[in-house]
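> Have a look at this one before I ask anything.
Residue numbers (this note's numbering): 5 to 144.
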């Protein structure tokens, strides 16, 4: 992701959904001193690309993905995790609040946990595709 507008809107939507679910949403790149009690979400900056709509065009379109990794404790079962991940997904499918101008959330992908992974936590990931169009502001 290359635009702060996209990051902030997506993070705000994830946090709002997290509050409703009783989940803490953390910036994956921010150092955490402790692990939250119970399930939590890591919000990750993902890949993106951007290009002008045409030669000399001042409108740029960025496309990319937002990743939310729902972390659940081993032994807690899949159904509650899938239910929470689905609720997180809804935050990007319905307008919780007006979208910033030029931002569109498109398809979603769901990455299953690795059943062979050893440890205390399993990851249920949600990928949200987005498009963001902005213009270079010029002065007359």
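C-beta: ideal position from N, C-alpha, C; glycine also.
#1: Where do the N-terminal and C-terminal ends of the beta strand (DSSP E) with residue 55 fall, by residue?
#2: Note down the Cα distance separating residue 124 from residue 77, rounded to an integer number of angstroms.
#3: Please list, in chain order, all residues of the same chain as residue 26 whose beta carbon is under 8 Å from its beta carbon, the five residues on each side excluded.
#4: Which residue marks the beginning of the alpha helix (DSSP H) containing residue 38, and which one marks its end?
#5: Could you tell me which residues DSSP puts in a beta bridge with residue 29?
#6: Out of curiosity, what's the CA-to-CA distance linking residue 35 and residue 138?
#7: On the premise that residue 73 lies in contact with residue 46, defined as a C-beta separation below 8 Å, what is that separation, rounded to the nearest angstrom?
#8: Assign residue 1 to one of three DSSP states: helix, strand, or coil.
#9: Return no unless some Cβ of chain C is closer than 8 Å to the Cβ of residue 65.
#10: Determine the direct distance from the alpha carbon of residue 120 to that of residue 17, and round the result to whole angstroms.
#11: With DSSP run on the structure shown, which of helix, strand or coil describes residue 67?
#12: Just tell me which of 56, 114, 129 has its CA closest to the CA of residue 136.
#13: Can you have a look at residue 108 and say buried or exposed, based on whether 16 or more other CB atoms are within 10 angstroms of its CB?
#14: Can you say whether residue 105 is buried or exposed, counting buried as having 16 or more other CB atoms within 10 angstroms of its CB?
Here's the rundown:
#1: 44–56
#2: 6 Å
#3: 42
#4: Premise fails: residue 38 is in no alpha helix (DSSP H) and is neither H nor E.
#5: 45
#6: 31 Å
#7: 4 Å
#8: Outside the shown range of the chain (5 to 144) lies residue 1, about which nothing can therefore be said.
#9: Any reference to chain C falls outside this structure, which holds one protein chain only.
#10: 31 Å
#11: strand
#12: 56
#13: exposed
#14: exposed
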